[in-house]
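Counting from 1 along the sequence shown, just add 118 to a position and that's the residue number in our numbering.
Structure first, commentary second.
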Amino acid sequence: MKKSITWGIYVSLLYTIFGCSKDLGTYEYHDINEITISSLNSSYDMLFKTDTLRINPQLEFTMDNGDADRYTYEWKLVSNADFNTITKKGTIISNSKDLVYPVNALPGSYTLYLKVKDKETEVTWVGKTFLSITIESATGFMLIGEDDEGYVEVEMIAMGASDTTILKGLARDNGVPKMKGARDIIHTGVYPPRPTHARQWIIGQETAYYVDPVTFQTQPQNIFKNLLFATYELPTAIFPVEIAPRINRIAGNAVSSLNRVVITNTGDVFYADLGSSGGDYYGNPTNRLAGINTPTFECFPFIFNAPGLWSQYTVFDKENGRFVYASATALNVNLLSDRITDPFPWNQAEVNRTLKYGENTRNTDGGSSQGNSFALMENKDNKGLFIYKFYAYTIPQKRNFYTISSTHSAEINKSPYFAFASTRTALYFVQGSRLYAYDYAIGSEKIVLVKDFGDEITMIHSDIQTGSYVDLYVATYNQTTKGTLHKMVLQNNTNTIEMKEDESLKWTGLSKVKNMSWKNAPN
């Protein structure tokens, strides 16, 4: 639940003191209007981009004539990190008597001054208090969604030691223009010996930035192009849409501390050698066969890999209709060969199929201890669907092949979103407000209505990052109550695909959520 804050009362008063010189004559002295400022706490503790600081100071005047226009007000916030007692440089956050301040100053310690100036006497009276701004962004689910105009919104279900807080507006006023279209949000995971190699990306449909993992602030230069050192001619507007490996445990650790692979919006693949002195930097694209300056081919925006352990990866070559693979440090990809007894071919040209959706899971069928990958394939002509199951830990090994009937394919093809279960033969899909599960077990194929949520479903996400492989998160949206995130738990019912909603874990008032991922890292 969201924290509520109650203010106490404290008085802190500073005076403007005028120096004296030697008395050279007779002067006529007059009383002046003295101002006492009260109802300021000694300090305030606020959450960054979550809380609103409200202070209604009590002012007492010794010679007030009731003229409200006699006074001016200034609330100034001064960072204690670079505090200068002489100039008190800072940021003016209000010129009203009563302060209403949505806390958007960066986390840190501040001194907050209230200056009340009497325009008749030209004397300024000053009160002060202290403000501590923090953010509980180390642990929890990061959400990326859209507002009603389609601009990116970033929120976080921040899970503190004693409470859960919803952080909102993390992509607003964060140093770059608003982004259109939400795509993904990724923290690459932490590896303590190399803390600077962790990245946190906010990815839209048209651009992406890596951001400060604590505040989500960024800069225009924090783009993939500036991490790229390639001799190939590449567009300026190039950015990651998929990154591997991902976090695979609740502790938030990186699966690999040595390598990282990225697929960009252009369909190019790059790898970084994190073990080198250079760190998170990328050379020439690897989506090409061996040779000097060999041509690249566009890849589907997904990286198949075993989520439990990082070794090799597989991608789908869209131009030539084939799966190809590479080691984590390879400069190019390799072709895969087929046997006549294989359940499905790696080269899809002969069967006229293309990749529709891919997902890595913790399914262990066939001895795949680090998790099988699934590919939902579509016939280019009749739109018939097929499921490929394979193990992409080393050179990919085929595990099974499933044909989806034309009737079931027609229903599944209506869905904008898909997700595979790790522990059951279930493909989740969506039609409007309804969540379905297709049981692809051979001989028991059927479609099961899991739940009609009543509101439009905007995302489904199988969680394999927090150690529970039976959770499916479902995001819904309506104009009145906005976005809601539901947690559905797969039950151990071998007769059907049964799920129950965990009503204790439901978050409301969100954006139109499009994707989510886990984070457990202080940086």
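Just so you know, even glycine gets a beta-carbon here, dropped at the ideal spot from N, CA and C.
Values in this document were obtained by computation on a predicted structure and should not be read as measured data.
Original post:
Looking at C-beta atoms only, is the number of pairs between the stretch 596-610 and the stretch 232-244 that lie closer than 8 angstroms three or more?
Top reply: Judged by Cβ distances under 8 angstroms, the stretch 596-610 makes no contact with the stretch 232-244, as fewer than three pairs qualify.
Subject >> Continuous beta strand (DSSP E) stretch holding HIS579: start and end >> reply: 574-580
Original post:
Terminal residues of the continuous beta strand (DSSP E) containing HIS305?
Top reply: 300-305
Subject >> Environment of LEU142 [buried if 16+ CB atoms lie within 10 Å] >> reply: Summary for LEU142: the model assigns pLDDT 49, below 50, so the residue's position carries little reliability; its value from the coordinates is reported in the next sentence. Only exposed fits LEU142, as fewer than 16 other CB atoms lie within 10 angstroms of its CB.
Subject >> Any chain D beta carbon closer than 7 angstroms to ILE575 >> reply: Considering every chain present, this structure includes no chain D. It has just one protein chain.
Original post:
Using the C-alpha atoms, what's the distance from ASP169 back to GLU254?
Top reply: 12 angstroms
Original post:
Quick one: what's got a C-beta closer than 6 angstroms to ILE365's C-beta in the same chain, skipping five residues either side?
Top reply: GLY307, GLN583, TRP636
**OP:** Tell whether a beta-carbon distance below 7 angstroms holds between TYR587 and ARG457.
**Re:** no
Original post:
Which whole-angstrom value is the C-beta distance of ILE150 and THR242, which I expect to be below 8 angstroms?
Top reply: Not confirmed; about 12 angstroms, so no contact.
**OP:** Tell me where the alpha helix (DSSP H) around SER161 begins and ends.
**Re:** First-last for SER161: 161-165, but that is the beta strand (DSSP E), not the alpha helix (DSSP H).
Original post:
If you check the beta carbons only, do GLY585 and ILE368 fall under 7 angstroms apart?
Top reply: Yes, the Cβ-Cβ distance between GLY585 and ILE368 is below 7 angstroms.
Subject >> Coarse secondary structure for PRO358, derived from DSSP in three states >> reply: strand
Original post:
Going by Cα to Cα distance, which pick from THR384, ILE421, CYS417, VAL379 is closest to GLY401?
Top reply: VAL379
**OP:** Within the same chain, show all residues whose beta-carbon is closer than 6 angstroms to that of SER486, passing over the 5 residues directly before and after it, in chain order.
**Re:** TYR509
Original post:
What residue from ASN452, ASP391, LYS436 has the CA that sits closest to TYR443's CA?
Top reply: ASN452
Subject >> The beta strand (DSSP E) enclosing THR154, as first and last residue numbers >> reply: 153-156
Subject >> Exposure label - ASP460; buried when at least 16 CB within 10 Å >> reply: exposed
Original post:
With 16 as the cutoff for other CB atoms within 10 Å, does LYS115 come out buried or exposed?
Top reply: Here the chain covers residues 119 to 641 and nothing more, so residue 115 does not appear.
Subject >> Alpha-carbon to alpha-carbon, ASN377 and ALA559 >> reply: 36 angstroms
Original post:
What does a CB cutoff of less than 7 angstroms around ASN470 pick up in its chain, not counting 5 residues either side in sequence?
Top reply: ASN497, LYS498, ASP499
Original post:
Assuming LEU261 and ALA223 make a contact with CB atoms under 8 angstroms, what is their CB distance in whole Å?
Top reply: Not confirmed; about 23 angstroms, so no contact.
Subject >> Simplified DSSP state of ILE565, which is helix, strand or coil >> reply: strand
**OP:** Determine the DSSP secondary structure at LYS501, reduced to helix, strand or coil.
**Re:** coil
Subject >> For GLY397 and ALA390, the rounded distance between their alpha carbons >> reply: 7 angstroms
Original post:
Tell me which same chain residues have a C-beta within less than 8 angstroms of the C-beta of PRO100, skipping the five on either side of it?
Top reply: The chain is shown only over 119 to 641; residue 100 falls outside these bounds and no answer can be derived.
**OP:** Tell whether a beta-carbon distance below 7 angstroms holds between TYR228 and LEU249.
**Re:** yes
Original post:
Is it buried or exposed for PHE347, if we count other Cβ within 10 angstroms and need 16 for buried?
Top reply: PHE347 is classed as exposed because its beta carbon has fewer than 16 other beta carbons within 10 Å across all chains shown.
Subject >> Length of the line joining the Cα atoms of ARG312 and PRO363 >> reply: Between the alpha carbons of ARG312 and PRO363 lies a distance of about 16 angstroms.
Original post:
Out of curiosity, what's the CA-to-CA distance linking GLU271 and THR325?
Top reply: 14 angstroms
Original post:
Apart from the five residues just before and just after HIS526, which ones in its own chain have a Cβ nearer than 8 angstroms to its Cβ?
Top reply: LEU503, TYR556, GLU563, ILE565
Subject >> Close Cβ partners of GLU616 (< 7 angstroms) along its chain, the five nearest in sequence each way excluded >> reply: GLN609
Original post:
What do you reckon, are the CB atoms on THR432 and PRO514 nearer than 7 angstroms?
Top reply: For the 7 angstroms CB-CB criterion, THR432 and PRO514 form a contact.
Original post:
Going by DSSP, which residues form a beta bridge with TYR595?
Top reply: Note: TYR595 sits in a beta bridge opposite GLU574, GLY601.
**OP:** Let me know the secondary structure DSSP gives PHE78 once reduced to three states.
**Re:** As shown, the chain starts at 119 and ends at 641. That puts residue 78 outside it, with no answer to give.
Original post:
Rounded to whole angstroms, how far is the Cβ of ALA528 from the Cβ of ALA316, which I believe are closer than 8 angstroms?
Top reply: Not really, about 44 angstroms apart at Cβ, beyond 8 angstroms.
Original post:
Is THR512 near GLN430, with beta carbons less than 7 angstroms apart?
Top reply: It is a contact, given that the beta carbons lie within the stated cut-off.
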